[in-house]
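Undergrad:
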Amino acid sequence: MKNKKTLIIILVALVLFLAGGFVRLKNQKQLLIEEEERKNLEQEAQQIEATDSVAEAEALLDQIEIEGLDDDFEVIDKDLDQL
């Protein structure tokens, strides 16, 4: 009986440990994604600042928006393929 309780406690501790590791891994992945997005935004801002005219900046903003939409559609396609 005592061994059974000990085994249950060990299993519960292991499950909690694994759950904590999963949460930390998920948080780290989210931080990496946010860092990558920040770098992309900084790069886009530098490209816009380097333009010589308003029309050129607007064209660059349109191109960035289109590329973002393309990325969104790729993610949607991957999600649909998984279904």
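Position one of the sequence shown corresponds to residue 31 (this note's numbering), numbered consecutively onward.
Built from N, CA and C at the ideal position, the CB exists for glycine as well.
Note that the coordinates shown come from a computational prediction; the quantities given were computed from them, not determined experimentally.
Please report the distance separating the alpha-carbon of residue 66 from that of residue 104.
TA: Between residue 66 and residue 104, the C-alpha separation is close to 18 angstroms.
Undergrad: In terms of residue numbering, what span does the alpha helix (DSSP H) encompassing residue 110 cover?
TA: 84 to 112 is the extent of the alpha helix (DSSP H) around residue 110.
Undergrad: Would you give the residue range spanned by the alpha helix (DSSP H) that residue 24 belongs to?
TA: Since the first residue shown for the chain is 31 and the last is 113, residue 24 is missing from the structure and cannot be characterised.
Undergrad: Confirm the yes/no value for this check: CB of residue 33, any heavy atom of the ligand PLP, distance under 7 angstroms.
TA: Ligands displayed in this structure: none; no statement on the ligand PLP is therefore possible.
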